[in-house]
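In the working numbering, the protein residues as written are 210 to 560.
Note that the Cβ used here is the ideal one computed from N, Cα and C, for glycine as well.
To start, the structure itself, in structure tokens.
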């Protein structure tokens, strides 16, 4: 495998073939908003995106809410000068709407048709593209704020937009040619069933890692419906890189959302125990712990690719080969035992 010839798979029935790893641009979005990762360097962020693309990654995942538009702007700058034939696919999301007068407020989960149409026009402008390759609903509409530190995802307001209404808008955008494919992120299997009755769910995007294994039912649903699957947080926001530590967790700045999340506080010891247990597998294959953690997610039937973040080019190099790591049955057995013994997360321990 050459550096620019990464393994790829078809993304459901979309006609797009994706490299098994894609660049995630949440962490490059900067600070100053509710889900920020602390201060970042825009030049380093753009360099990281360009390095990933030059190394063979052919898709970038972002969202309007990341940095309150800033992440999309960075992606737009990173790809602006690339020849059309070398441009990666660009995926983004709608449905988390922020308060323009209070950047630190938690965004609200809103998918009203007029709001979605405003969002897509803003995303097209920030990204500098004529069409979005994959447009996704970030979360089910509840009409309420999305709270991470509180441990929940908000109550459903009487003002919430029904799934049937917002999925029809997404289908309309596809029919109009503004987007190539449409997807649902963070939706349950029951919600996917409801959406499929209106228009085919081209892609789903659930969280999935050796720590957070709760989306197994949704991945199985997608596999049965010819729906592509791109998973996010396969490294559990850095915990499974092999480079994270209790000291690092304790030093996270207050403007990094992870500093208050249970994975980095009450669940930290179990999570780091699991990361350490992946090291022998990584050593046998001559790869990084991060690449083993990502390869584990890619071993699940139905998963097309994994979204992996990076703030600089060096971090990209730490996971770029994950799609080519040939985990054996014995490796998967060893990892399953490590998952069970560590006590980290919930869900099935092996594909």
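One or two residues paired with residue 217 in a DSSP bridge
DSSP lists 228 as the beta-bridge partner residues of residue 217.
Given this structure, state the Cα-to-Cα distance separating residue 306 from residue 317, to the nearest angstrom.
Roughly 5 angstroms separates the two Cα atoms.
Look at the Cβ atom of residue 416, then the Cβ atom of residue 442, and state whether they are nearer than 7 angstroms.
In this structure, residue 442 lies closer than 7 angstroms to residue 416 by Cβ.
What does residue 302 pair with, by DSSP beta-bridge criteria?
Bridge partners of residue 302: 345.
By DSSP's criteria, residue 534 is part of a beta bridge. Which residues make up the other side?
BP columns for residue 534 are empty, so no partner.
Kindly indicate which three-state DSSP category residue 406 falls into: helix, strand or coil?
It is coil, neither helix nor strand.
In the DSSP assignment, what are the bridge partners of residue 416?
According to DSSP, residue 416 bridges with 441.
Do you know offhand how far residue 323's Cα is from residue 538's?
Linking residue 323 to residue 538 through their CA atoms gives a straight-line distance of about 49 angstroms.
Leaving out five residues on either side along the sequence, give the residues of the same chain with a beta carbon under 7 angstroms from the beta carbon of residue 556.
If we look at residue 556 and ignore the five residues flanking it on each side, its Cβ neighbours are 422, 423 and 425.
Hey, which unbroken runs of the alpha helix (DSSP H) at 4 residues or more fall wholly within the segment 228-293?
Runs found: 251-263 and 279-288.
The alpha helix (DSSP H) with residue 428 in it runs from where to where?
In the DSSP assignment, residue 428 falls within the unbroken alpha helix (DSSP H) covering 425-433.
Residues that DSSP places opposite residue 541 in a beta bridge
None; residue 541 has no bridge partner.
Three-state secondary structure assigned by DSSP to residue 480:
When DSSP states are grouped into helix, strand and coil, residue 480 belongs to the helix group.
Where residue 512 sits in the DSSP three-state scheme:
Coil, per DSSP.
Could you check the C-alpha separation between residue 456 and residue 261 for me, to the nearest Å?
Spanning the alpha carbons of residue 456 and residue 261 requires a straight line of approximately 29 angstroms.
What's the gap between the Cα of residue 284 and the Cα of residue 343?
Straight-line Cα distance between these residues: approximately 15 angstroms.
Rounded to whole angstroms, what is the Cα-Cα separation between residue 312 and residue 279?
When rounded, the distance between both Cα atoms is 12 angstroms.
Please state whether DSSP places residue 464 in a helix, a strand or coil.
Residue state, collapsed to three classes: coil.
For residue 240 and residue 273, the rounded distance between their alpha carbons
Cα to Cα, the separation comes out at about 15 angstroms.
Rounded C-alpha distance that separates residue 536 from residue 464:
If I take the Cα positions, the gap works out to 37 angstroms.
For the 8 angstroms Cβ check, are there 3 or more pairs between the segment 324-337 and the segment 398-411?
Between the segment 324-337 and the segment 398-411 there are fewer than three C-beta pairs closer than 8 angstroms, too few to call the two in contact.
What span of residues does the alpha helix (DSSP H) with residue 332 cover, start to end?
It spans 322-336 - the alpha helix (DSSP H) in which residue 332 sits, taken as one unbroken run.
Over the uninterrupted alpha helix (DSSP H) stretch that includes residue 382, give me the two end residues.
It spans 372-384 - the alpha helix (DSSP H) in which residue 382 sits, taken as one unbroken run.
Helix or strand or just coil, what does DSSP make of residue 391?
Secondary structure of residue 391 (DSSP, three-state): strand.
C-alpha gap between residue 360 and residue 493, whole angstroms:
Interpretation of residue 360 is limited by its pLDDT of 38, a score under 50 that renders its predicted location unreliable; the figure taken from the coordinates is listed afterwards. If you take the alpha carbons of residue 360 and residue 493, they lie about 37 angstroms apart.
Buried or exposed for residue 471, please, with buried defined as at least 16 other CB atoms from any protein chain shown within 10 angstroms of its CB.
Burial check for residue 471: the Cβ neighbour count within 10 Å stays below 16, so the residue is exposed.
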